[in-house]
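Q: The sequence shown: position 70 = 69 (numbering that gives the first Met the number 0), numbered continuously.
C-beta: ideal position from N, C-alpha, C; glycine also.
Keep in mind it's a predicted model, so treat the numbers as computed, not measured.
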Amino acid sequence: MSRGAAIDPPTARRLPWRLASRCALGLLLAAACPQLAAAQEANQDPAIVGIRMGFGHLYKVGHWTPIELTVRGGRQSLTARVRVTLPDGDGARSQVVSERPYQFLPGQTSRALLYVKPGRVDADIEVALLRGPLEASDVVARRVFAPRFEADATHQRTALLTEQELLVGIGGSIGVEGALRARNTALASGYESRYVEVNSVAQLPTRWYGYDTVDCLILSTSNAEIYRPLSETSAQLVALRQWVERGGKLVLSVGASADELLGPGGPLASFVPGRYAGATLARPSRSLETFISATEPLPEPARSRGGDGRLPAAQIAAARGEVAAQVGDDLPLVIRSPLGFGEV
Numbered sequence: 000m001s002r003g004a005a006i007d008p009p010t011a012r013r014l015p016w017r018l019a020s021r022c023a024l025g026l027l028l029a030a031a032c033p034q035l036a037a038a039q040e041a042n043q044d045p046a047i048v049g050i051r052m053g054f055g056h057l058y059k060v061g062h063w064t065p066i067e068l069t070v071r072g073g074r075q076s077l078t079a080r081v082r083v084t085l086p087d088g089d090g091a092r093s094q095v096v097s098e099r100p101y102q103f104l105p106g107q108t109s110r111a112l113l114y115v116k117p118g119r120v121d122a123d124i125e126v127a128l129l130r131g132p133l134e135a136s137d138v139v140a141r142r143v144f145a146p147r148f149e150a151d152a153t154h155q156r157t158a159l160l161t162e163q164e165l166l167v168g169i170g171g172s173i174g175v176e177g178a179l180r181a182r183n184t185a186l187a188s189g190y191e192s193r194y195v196e197v198n199s200v201a202q203l204p205t206r207w208y209g210y211d212t213v214d215c216l217i218l219s220t221s222n223a224e225i226y227r228p229l230s231e232t233s234a235q236l237v238a239l240r241q242w243v244e245r246g247g248k249l250v251l252s253v254g255a256s257a258d259e260l261l262g263p264g265g266p267l268a269s270f271v272p273g274r275y276a277g278a279t280l281a282r283p284s285r286s287l288e289t290f291i292s293a294t295e296p297l298p299e300p301a302r303s304r305g306g307d308g309r310l311p312a313a314q315i316a317a318a319r320g321e322v323a324a325q326v327g328d329d330l331p332l333v334i335r336s337p338l339g340f341g342e343v
């Protein structure tokens, strides 16, 4: 570039080397400025910069699942719908368009939530931003996301098979991972069950069919703070109840923070299979050992709230459903209660 821009010696006098180098640098900058300006202009356009499929990147083929897309705003405010295109079970292209338009502010990162039904385990997913009425919209930005075996910010994970169980937990671990590992080893069926934890209620679906990919949702109350953004009328809990009523399975692991979460006005109060009568302390019982098919007595915890091996438990009066384990005659530890076509 500098040689082409230099003055030819036969037709002009040779400039002093410092002046020549400065002139060459000036010519280079002049030539580069339009390209830099164009690049900066392009960078100011809205862009689709991230994708997250399912729960903790896990989802199943042939089932509705949440898809969260991250969009970086351009130089101007943009109101646009989001369109997702992916193959269905027959390999035909299917499209889902957001119910409402999103507003993407200049220079800010926003997220859009939709629900899709992937028909292939390892399909590419095309995402587009549509401006204007649906019947005559302009595509403002488009991006194709390719799958990988391990997901990252710009790649979705390949889908689980329909035959695989997917368990989702929130609120803290209660030992599900270890139990699933033992179960997968014992069954050796080739369809390994998977468990994943989400760390925010904001990641829970706001539509009941967003849980379609989930076989069981486990809510642990060991971390009450995670549920504080919710109320009984929150879209996430309304969707959860509708999913259970349509056949979903919900597990409530309640002990610590029971008063706050299950008491009057608590976000999980509507899921209590009976009347919540307060928190108490209880030792693991023989009926609990039978329920979990323990091969030896459960060890008493070295540390507990009572200091004597007792653990926090919720007192449920007038329990609805089957009491599968209890302490004495009046403290159910495990209750299986129908809710519509589902179970809590």
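(1) Kindly indicate which three-state DSSP category Val120 falls into: helix, strand or coil?
(2) Looking at C-alpha atoms only, which residue of Tyr114, Glu224, Leu77 and Pro204 is the closest neighbour of Val167?
(3) Under 8 Å: do the region 220-233 and the region 68-79 share three or more Cβ pairs, one atom per stretch?
(4) Do Lys59 and Leu165 have their C-beta atoms within less than 8 Å of each other?
(5) State buried or exposed for Arg17, treating a residue as buried only when at least 16 other CB atoms are found within 10 Å of its CB.
(6) What separation, rounded to the nearest whole angstrom, lies between the Cα atoms of Phe148 and Val326?
(7) Flag Leu85 as yes when its Cβ comes closer than 7 Å to any non-hydrogen atom of the ligand PLP, and as no otherwise.
(8) Let me know the secondary structure DSSP gives Asp329 once reduced to three states.
(9) Please identify the residue among Gly320, Val253, Pro45 and Arg240 whose C-alpha is closest to the C-alpha of Ala140.
(10) Alpha carbon to alpha carbon, what distance is there between Arg99 and Val243?
(11) Below 6 Å CB to CB, which residues in the same chain sit around Asp123 once its five sequence neighbours on both sides are set aside?
(12) Could you check the C-alpha separation between Val175 and Asp137 for me, to the nearest Å?
(13) Tell me whether the beta-carbon of Ser219 lies closer than 8 Å to the beta-carbon of Gly170.
(14) For Leu330, collect the residues of the same chain with a Cβ closer than 8 Å to its Cβ; drop the 5 residues on either side in sequence, then sort them by chain order.
(15) Use the C-beta contact count for Phe270: other C-beta atoms within 10 angstroms, 16 or more gives buried, fewer gives exposed.
(16) Sorted by chain position, which residues of the same chain lie with C-beta nearer than 6 Å to Pro15's C-beta, five sequence neighbours on each side aside?
(17) Buried or exposed for Ala91, please, with buried defined as at least 16 other CB atoms from any protein chain shown within 10 angstroms of its CB.
(18) Where does Ile173 sit, in a helix, a strand or coil, going by DSSP?
(19) In terms of residues, what are the limits of the alpha helix (DSSP H) holding Val237?
(20) If you draw a straight line from the C-alpha of Val333 to the C-alpha of Val115, how long is it?
(21) Take Cys215 as the anchor and find which of Gly49, Ile50 and Phe54 has the nearest alpha-carbon.
(22) Identify whether Phe340 lies in helix, strand or coil by the three-state DSSP scheme.
(23) Tell me whether the beta-carbon of Glu191 lies closer than 8 Å to the beta-carbon of Gln235.
(24) Give the straight-line distance between the Cα atoms of Leu261 and Val250, rounded to the nearest whole angstrom.
(25) Output the boundary residues of the alpha helix (DSSP H) element that contains Ala257.
(26) So is Leu35 buried or exposed if we call it buried at 16+ other beta carbons inside 10 Å?
(27) Could you tell me which residues DSSP puts in a beta bridge with Val200?
(28) Taking Gly49 as part of the beta strand (DSSP E), name the residues at either end of that continuous run.
(29) Does Ala312 come out as helix, strand or coil in the three-state DSSP assignment?
(30) How many Å lie between Thr69 and Met52 at the Cα?
A: With the structure as the only source:
(1) Walking along the sequence shown from the start, residue 120 turns up at place 121. Three-state DSSP puts Val120 in coil, outside helix and strand.
(2) Stepping through the sequence shown from its first residue, residue 167 is reached at position 168. Considering only alpha carbons, the answer is Pro204.
(3) no
(4) Locating residue 59 in the sequence shown gives position 60, counting from the first residue. Locating residue 165 in the sequence shown gives position 166, counting from the first residue. Yes.
(5) Locating residue 17 in the sequence shown gives position 18, where the first residue counts as 1. The pLDDT assigned to Arg17 is 41, lower than 50, so where the model puts this residue is not dependable; a value taken from the coordinates is nonetheless given after this. Its Cβ having fewer than 16 others within 10 Å, Arg17 is exposed.
(6) Residue 148 sits at position 149 when you count from the first residue of the sequence shown. Residue 326 sits at position 327 when you count from the first residue of the sequence shown. When rounded, the distance between both Cα atoms is 46 Å.
(7) Inclusion of the ligand PLP in the displayed structure is not the case, the ligand content being empty and no account of it being possible.
(8) Against the sequence shown, residue 329 aligns to sequence position 330. Coil at Asp329, not helix or strand.
(9) Position 141 of the sequence shown, counting from 1, holds the residue named residue 140. Here the closest residue by C-alpha is Pro45.
(10) As a first step, residue 243 must be located in the sequence shown, where it is residue number 244. As a first step, residue 99 must be located in the sequence shown, where it is residue number 100. Spanning the two alpha carbons is a distance of roughly 26 Å.
(11) If you number the sequence shown from 1, residue 123 lands on position 124. Excluding residues within five positions, the ones whose Cβ falls inside 6 Å are Val143 and Ala145.
(12) Locating residue 175 in the sequence shown gives position 176, where the first residue counts as 1. Locating residue 137 in the sequence shown gives position 138, where the first residue counts as 1. In a straight line, the C-alpha of Val175 is about 47 Å away from that of Asp137.
(13) One-based indexing of the sequence shown puts residue 219 at position 220. One-based indexing of the sequence shown puts residue 170 at position 171. Cβ distance < 8 Å, so Ser219 and Gly170 count as in contact.
(14) Within the sequence shown, numbered from 1, the residue matching residue 330 stands at position 331. Closer than 8 Å at Cβ, skipping near neighbours: Thr279, Ala281, Ala312 and Gln314.
(15) In the sequence shown, the residue the question calls residue 270 occupies position 271. Phe270 comes out buried.
(16) Mapped onto the sequence shown, residue 15 falls at position 16. Bear in mind that the predicted position of Pro15 carries a pLDDT of just 41, short of 50, making it too unreliable to give a figure here.
(17) Taking the sequence shown and counting its residues from 1, one reaches residue 91 at position 92. Classification for Ala91: exposed.
(18) What you label residue 173 is simply residue 174 of the sequence shown in a count that begins at 1. Correct three-state label for Ile173: coil.
(19) On the sequence shown, position 238 is the one that residue 237 refers to. Run containing Val237: Ala234 to Glu244, per the alpha helix (DSSP H) assignment.
(20) Taking the sequence shown and counting its residues from 1, one reaches residue 333 at position 334. Taking the sequence shown and counting its residues from 1, one reaches residue 115 at position 116. Cα-Cα distance, rounded: 35 Å.
(21) Taking the sequence shown and counting its residues from 1, the one referred to as residue 215 is at position 216. Measuring from the Cα of Cys215, the nearest candidate turns out to be Phe54.
(22) Numbered from 1 along the sequence shown, position 341 holds the residue referred to as residue 340. Coil at Phe340, not helix or strand.
(23) For the purposes of this step, residue 191 is taken as residue 192 along the sequence shown, with counting starting at 1. For the purposes of this step, residue 235 is taken as residue 236 along the sequence shown, with counting starting at 1. No, the Cβ-Cβ distance between Glu191 and Gln235 is not below 8 Å.
(24) The residue labelled residue 261 in the question sits at position 262 within the sequence shown. The residue labelled residue 250 in the question sits at position 251 within the sequence shown. Their backbone Cα atoms lie some 14 Å apart in a straight line.
(25) Within the sequence shown, numbered from 1, the residue matching residue 257 stands at position 258. Element bounds for Ala257: Ala257 to Leu261.
(26) For the purposes of this step, residue 35 is taken as the residue at position 36 of the sequence shown. The predicted position of Leu35 is uncertain, since its pLDDT is 38 and thus under 50; no value can be drawn from it.
(27) As a working note, residue 200 is residue 201 in the sequence shown. Paired residue(s): none; Val200 is not in a bridge.
(28) Residue mapping note: residue 49 aligns to position 50 of the sequence shown, counting from 1. Gly49 -> beta strand (DSSP E) spans Ala46 to Met52.
(29) Taking the first residue of the sequence shown as position 1, residue 312 is located at position 313. The answer is strand: DSSP assigns Ala312 an E or B state.
(30) Along the sequence shown, one-based indexing puts residue 69 at 70. Along the sequence shown, one-based indexing puts residue 52 at 53. Cα to Cα, Thr69 sits roughly 12 Å from Met52.
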